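There are 2 protein chains.
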Amino acid sequence: MKDSVLNHALDQQPRLIETLKTLVACPSVGADPAMAEGMEDARNLLETRLAEMGFQNRQRLTPPDGSGQPALYGERLEAPGKPTILIYAHYDVQPADPLEKWETPPFEAVERDGRLYGRGISDDKAPMLIALESLAAFIAVDGKLPVNVKLLIEGEEETGSPSLPAILETHRDLLQADAVLSADGARWRPDLVALNVGSRGNTGFEVRVQTAAQDLHSGRYGGIVANPLHVLSSLIASLHDADGHIAAEGFYDGVVAPTEAERAEIDAIPFDEGATFSAIGAKPSGEAGYSSLERLWMRPTVDVNGMWGGYIGAGSKTVIPNEAFAKLTMRLVPGQDPQSAKEAVINHLRANLPATATLEISGERGQGGAYAVPAGHPLLAAAVAALEHTSGETPLKVRIGASLPLTEIVSRLLGLDTVMFSFALSDENFHAPNEFFRLSSIPDGLASWVQILREIAKTSPAQYSAYRRA
Amino acid sequence: MKDSVLNHALDQQPRLIETLKTLVACPSVGADPAMAEGMEDARNLLETRLAEMGFQNRQRLTPPDGSGQPALYGERLEAPGKPTILIYAHYDVQPADPLEKWETPPFEAVERDGRLYGRGISDDKAPMLIALESLAAFIAVDGKLPVNVKLLIEGEEETGSPSLPAILETHRDLLQADAVLSADGARWRPDLVALNVGSRGNTGFEVRVQTAAQDLHSGRYGGIVANPLHVLSSLIASLHDADGHIAAEGFYDGVVAPTEAERAEIDAIPFDEGATFSAIGAKPSGEAGYSSLERLWMRPTVDVNGMWGGYIGAGSKTVIPNEAFAKLTMRLVPGQDPQSAKEAVINHLRANLPATATLEISGERGQGGAYAVPAGHPLLAAAVAALEHTSGETPLKVRIGASLPLTEIVSRLLGLDTVMFSFALSDENFHAPNEFFRLSSIPDGLASWVQILREIAKTSPAQYSAYRRA
Numbered sequence: 001m002k003d004s005v006l007n008h009a010l011d012q013q014p015r016l017i018e019t020l021k022t023l024v025a026c027p028s029v030g031a032d033p034a035m036a037e038g039m040e041d042a043r044n045l046l047e048t049r050l051a052e053m054g055f056q057n058r059q060r061l062t063p064p065d066g067s068g069q070p071a072l073y074g075e076r077l078e079a080p081g082k083p084t085i086l087i088y089a090h091y092d093v094q095p096a097d098p099l100e101k102w103e104t105p106p107f108e109a110v111e112r113d114g115r116l117y118g119r120g121i122s123d124d125k126a127p128m129l130i131a132l133e134s135l136a137a138f139i140a141v142d143g144k145l146p147v148n149v150k151l152l153i154e155g156e157e158e159t160g161s162p163s164l165p166a167i168l169e170t171h172r173d174l175l176q177a178d179a180v181l182s183a184d185g186a187r188w189r190p191d192l193v194a195l196n197v198g199s200r201g202n203t204g205f206e207v208r209v210q211t212a213a214q215d216l217h218s219g220r221y222g223g224i225v226a227n228p229l230h231v232l233s234s235l236i237a238s239l240h241d242a243d244g245h246i247a248a249e250g251f252y253d254g255v256v257a258p259t260e261a262e263r264a265e266i267d268a269i270p271f272d273e274g275a276t277f278s279a280i281g282a283k284p285s286g287e288a289g290y291s292s293l294e295r296l297w298m299r300p301t302v303d304v305n306g307m308w309g310g311y312i313g314a315g316s317k318t319v320i321p322n323e324a325f326a327k328l329t330m331r332l333v334p335g336q337d338p339q340s341a342k343e344a345v346i347n348h349l350r351a352n353l354p355a356t357a358t359l360e361i362s363g364e365r366g367q368g369g370a371y372a373v374p375a376g377h378p379l380l381a382a383a384v385a386a387l388e389h390t391s392g393e394t395p396l397k398v399r400i401g402a403s404l405p406l407t408e409i410v411s412r413l414l415g416l417d418t419v420m421f422s423f424a425l426s427d428e429n430f431h432a433p434n435e436f437f438r439l440s441s442i443p444d445g446l447a448s449w450v451q452i453l454r455e456i457a458k459t460s461p462a463q464y465s466a467y468r469r470a
Numbered sequence: 471m472k473d474s475v476l477n478h479a480l481d482q483q484p485r486l487i488e489t490l491k492t493l494v495a496c497p498s499v500g501a502d503p504a505m506a507e508g509m510e511d512a513r514n515l516l517e518t519r520l521a522e523m524g525f526q527n528r529q530r531l532t533p534p535d536g537s538g539q540p541a542l543y544g545e546r547l548e549a550p551g552k553p554t555i556l557i558y559a560h561y562d563v564q565p566a567d568p569l570e571k572w573e574t575p576p577f578e579a580v581e582r583d584g585r586l587y588g589r590g591i592s593d594d595k596a597p598m599l600i601a602l603e604s605l606a607a608f609i610a611v612d613g614k615l616p617v618n619v620k621l622l623i624e625g626e627e628e629t630g631s632p633s634l635p636a637i638l639e640t641h642r643d644l645l646q647a648d649a650v651l652s653a654d655g656a657r658w659r660p661d662l663v664a665l666n667v668g669s670r671g672n673t674g675f676e677v678r679v680q681t682a683a684q685d686l687h688s689g690r691y692g693g694i695v696a697n698p699l700h701v702l703s704s705l706i707a708s709l710h711d712a713d714g715h716i717a718a719e720g721f722y723d724g725v726v727a728p729t730e731a732e733r734a735e736i737d738a739i740p741f742d743e744g745a746t747f748s749a750i751g752a753k754p755s756g757e758a759g760y761s762s763l764e765r766l767w768m769r770p771t772v773d774v775n776g777m778w779g780g781y782i783g784a785g786s787k788t789v790i791p792n793e794a795f796a797k798l799t800m801r802l803v804p805g806q807d808p809q810s811a812k813e814a815v816i817n818h819l820r821a822n823l824p825a826t827a828t829l830e831i832s833g834e835r836g837q838g839g840a841y842a843v844p845a846g847h848p849l850l851a852a853a854v855a856a857l858e859h860t861s862g863e864t865p866l867k868v869r870i871g872a873s874l875p876l877t878e879i880v881s882r883l884l885g886l887d888t889v890m891f892s893f894a895l896s897d898e899n900f901h902a903p904n905e906f907f908r909l910s911s912i913p914d915g916l917a918s919w920v921q922i923l924r925e926i927a928k929t930s931p932a933q934y935s936a937y938r939r940a
């Protein structure tokens, strides 16, 4: 069967790679003010390409005060009766430090062994260009897109998307769509055809326990005053029971237990537990009654990320410190309200605090809920169908234990669901030296994007309305 | 009643203060190599004074290799049939840092409001000179001392007496005596006539808990690996039960419970618990069934002096660290063997370690047992009688919660008991800026030292032999 659109897309791969090399050569490190020119170069390159592709209403989106790195916007709304899809990507990249660990210069895309190396190439310049060039193929061959497309290309993803909520709120009408398809994210493993259908939320705080006005000498006060490190240790120890359940009352409020079907689905996923744990020199641990993947994807956590107090230099000092500190974060699952979950843990600490100590909570963190694509969502069905078409396999539905702020922000502010459809792979060193992208992912990605656009074209806006929350 | 010796001693106070000022002007900070000259000046000054006083066999004592700061030795053995007392003091002082917190220069003795300020003046240059000048008064008036005296003036007390054990072992014959009388130490409180009859021992170690080969991201591993800060917190929490007893099996081995008489004695000591705790902004805490003074003096402790792991900088980092650390020390009471007590705690940690973590013990510390002067010891009786004579009150028998390595080292290596007979007061800022010594303590101290030498002269060497252990 001749597929003119896909053939065109595949034929254009040399051009895609050329564009990708030019884009990698723009050092678009948003965190580094010295690289403002690289950010602007990346924006100009993308805006030029969007203009070439006939995208209209092109503009830079910012919060009302114009602050932050602008997001790029463009639209082609030329498929009456078809769904409108907001395609998300980002043009900013992580800093390249530590530079000395790069085998080739980070802002020069270099090919080795079927891979292209460069900062931001996998996260997410190549996946973004795959999405854009699949659109370009429809435009070149058919003269138009099969669905209505709005593009939102963010410039602050790697710095925590501080302006994104304000951009979504300010440009709510402009950004209205039926669903969001993200060219950012990552496929789980090279050996699996999989779709990510959920991520955990997160929240956190910092705690300070104080037992005296000053540090005390253990000879003069040892045994007659409370030691804040003992108090804090007891509080931390009390957060989990012997089975690894979190003991804070109310913490699990709203958590929906995984269904038997979901558990069976997870259980069916090939997962080499031995290899996973031996790679990190650790042993499986966690909540009783759940497998490792269930723990990671379906169960919330409380973790101390840092803890300190007293004398931590060389040698010994017989001090009873007067204060002790810990930084805690939580990973949350669907159904949990981040604020309530955080307060449950704080209330537990307060309830277990002995009368000899005081407790101070600080360190407000950004927080967000977990996210899961509804099982029946038409965009998810389109993604499944696209991957079945290109791979011949039914993709496994996987989740991630980390948080994807985009999905939660878009859900909360636009009421839309998001499907992650990146062709990065999770081992491609993003956020680390020697980031790379597999050249073989380019034809895979183009074929899948061409197909998902066709699958979406088979759906109607009405199918999405049941899922839209705003 | 005319007391020529005491009168002579009191008449010589201006000279004592002059000598004290000269001695304070020698910056004898043993820890600071740049102050070697100050150490030598202090030694020379004391040696000159000992020569003037007719002390014989004067020499500098070191370990066989000549390392470390020498201790000064001298003897007057001219009281046949009388006990031989080893009088201990030290000529080194703490560093003066932080210099900016001193109101007057630390190495210049300045008088203000009935106090002399200067580094080392209370710890223990003034108490040492009080002891020496009381001896000088006997020599000046009677031509001889009432008991046999050996002087040992150490130069490494403030740096932990690293050479003292080797000095005692090397010069064991030279230093043989019936008991040790220390001009170092401190009276507990200005408002109480008291003798210190016991101190706690100490030991310690450092612990490292490891759960993985590297730090892990809480999104990728949260919930499936053990968090070493949780493991360490649980271990620390497990060290004490709900009543504040130490839960490590065997830790209390050998501990002799305080007798009813001892408890009554302690209970009779005026102790303003409210004032003590409000001064440090803390609340009473500790082992159930004991008063604060019993906890401090008669009960052993385990304290975490420092604990750390993970991210402890500003903000948040969603890391699961792979290791966590704690520094622990113990305070020990009579009957406890330091090594066994330490091993009991280490064994407890190992026994409670989950299979997901490994434990490493390091940080060998100097350690020593608790010390208590035997209740019937003749030197203790002499001290009681001397204080009754000078104050008209029976001194209270108090202990300290801290450790006095001298007493334990002398007991272990020379088999001798030590009575602390310093006229420093514990509020005189030793080891801190603006160290001072009350001028009023000089006549008190001289009278008490003159009297204790007379009281010792009433005893016979045979009375001591039952207590000598080597």
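Quick mapping for you: the protein sequence lines, in order, are chains A and B.
For the first sequence, my numbering assigns the number 1 to the initial residue and increments by one for each residue that follows.
For the second sequence, my numbering assigns the number 471 to the initial residue and increments by one for each residue that follows.
Virtual Cβ for every residue (Gly too), placed ideally from N, Cα, C.
Nothing here was measured: the structure is a model prediction, and the numbers come from that model.
What residue ranges within the stretch 581 to 648 of chain B form continuous alpha helix (DSSP H) runs of no fewer than 4 residues, ordered along the chain? 596 to 612, 634 to 640
Check whether the stretch 188 to 200 of chain A and the stretch 212 to 222 of chain A are in contact - that is, three or more C-beta pairs closer than 8 Å.
no
Checklist line | Nearest-angstrom beta carbon gap, B/S652 and B/S892 [assumed within contact, 8 Å] | finding: 7 Å
For B/I879, collect the residues of the same chain with a Cβ closer than 8 Å to its Cβ; drop the 5 residues on either side in sequence, then sort them by chain order.
Correct list, in chain order: S631, L634, P635, L638, G838.
Worksheet item: So what does B/L829 bridge to, in DSSP terms?
Response: B/V679
Item checked: When A/E156, A/H377, A/Q13, A/A424 are compared against A/P63, the one with the closest alpha-carbon -> A/E156
Checklist line | Among A/L396, A/I121, A/Y73, A/Q176, the one whose alpha carbon lies nearest that of A/N429 | finding: A/I121
* Is A/Y464 closer than 7 Å to A/D178 when the C-beta atoms are compared? -> yes
Quiz prompt | Cut-off 6 Å between Cβ atoms - residues of its own chain near B/E719, not counting five sequence neighbours on either side | solution = Nothing meets the Cβ criterion.
Query - Reference A/I224, options B/L569, B/Q684, B/T860, B/K753, closest by Cα - result: For A/I224, the closest alpha carbon among the candidates B/L569, B/Q684, B/T860, B/K753 is that of B/K753.
Return the chain-ordered list of same chain residues with a C-beta closer than 6 Å to the C-beta of B/P804, the five sequence neighbours on each side being excluded. A840, A842
Can you tell me the Cα-Cα spacing of B/T554 and B/L644, whole angstroms?
-> 12 Å
- [ ] For A/E108, count neighbouring Cβ atoms within 10 angstroms of its own Cβ and tell me buried if that reaches 16, exposed if not.
- [x] exposed
TODO: Hey, could you find the ends of the alpha helix (DSSP H) A/F107 is sitting in?
DONE: A/F107 -> no alpha helix (DSSP H), and no H or E assigned at all.
inquiry  = Short of 6 Å in beta carbon distance, which residues of its chain neighbour A/R362, apart from the five on each side in sequence? Order them along the chain.
reply    = First, the amino acid is wrong: residue 362 of chain A is Ser here, not Arg. Excluding residues within five positions, the ones whose Cβ falls inside 6 Å are E206.
- Message: If the cut-off is 8 Å on Cβ atoms, which residues from the stretch 283 to 295 of chain A count as contacting chain B, listed in chain order?
- Response: K283, P284, S285, G286, E287, S292, R295
| request: Please confirm whether B/R528 and B/P540 have their CB atoms less than 7 Å apart. | output: no
Next item on the list: At 9 Å on the CB atoms, spell out the chain A contacts of B/W778, in chain order.
Entry: G306, M307, W308, G309, G310, I312
- Query: Taking the C-alpha atoms as reference points, what is the distance between A/T203 and A/V304?
  - Reply: Approximately 12 Å, taken between the alpha carbons.
- Message: 7 Å is my cut-off, CB to CB: does B/V695 come that close to chain A?
- Response: yes
I want to verify the contact list: residues of chain A whose CB lies under 8 Å from the CB of B/G500, in sequence order. Residues of chain A with a Cβ closer than 8 Å to the Cβ of B/G500 do not exist, since the nearest Cβ in that chain sits about 17 Å away.
>> Check for me: the alpha helix (DSSP H) holding B/A872 runs from which residue to which?
In response: It is not in any alpha helix (DSSP H) - B/A872 carries neither H nor E in the DSSP assignment.
- Task: For A/Q56, go through chain B and note every residue whose CB falls closer than 9 Å to its CB, in chain order.
- Result: Here the premise fails: no neighbours, minimum Cβ distance about 38 Å.
Checklist entry - CA-CA distance, B/L819 and A/W449? => result 56 Å
How would you label B/S474, buried or exposed, when you count the other beta carbons within 10 angstroms and need 16 or more for buried? exposed
Next on the checklist: Cβ closer than 7 Å: which chain B residues qualify as neighbours of A/D303?
Outcome noted: Those within 7 Å of A/D303 in chain B are S688, G692, N697, I790.
With a threshold of 7 Å between beta-carbons, can A/I246 be considered close to chain B, or not? No, A/I246 does not count as interfacial toward chain B.
(request) Check whether the Cβ atoms of B/A696 and B/A827 sit closer than 7 Å, and answer yes or no. (result) yes
| request: Enumerate in chain order the residues of its own chain whose CB-to-CB distance from B/S669 is below 7 Å, with the five nearest sequence positions on each side excluded. | output: Closer than 7 Å at Cβ, skipping near neighbours: A840, Y841, R869, I870, A872, S873, L874, T877.
- Task: Determine, using beta-carbon pairs with one atom in the stretch 476 to 495 of chain B and one in the stretch 910 to 918 of chain B, whether at least three such pairs fall under 8 Å.
- Result: yes
Is the separation between the beta-carbon of A/A237 and that of B/S703 shorter than 7 Å?
yes
**Prompt:** Does DSSP put A/I85 in a helix, in a strand, or in coil?
**Reply:** strand
task: Would you please verify whether the beta carbon of B/R769 is less than 7 Å from any beta carbon of chain A?
output: yes
Would you mind giving the Cβ-Cβ distance between A/L379 and A/I456, rounded to the nearest angstrom? I have them listed as a contact below 8 Å.
7 Å
Answer yes or no: does any C-beta atom of chain A fall closer than 7 Å to that of B/A872?
-> yes
Practice prompt. Rank B/Y543, B/P550, B/P616 by C-alpha distance to the C-alpha of B/A521 and give the top, closest one.
Written response: Taking only the C-alpha atoms, the option nearest B/A521 is B/Y543.
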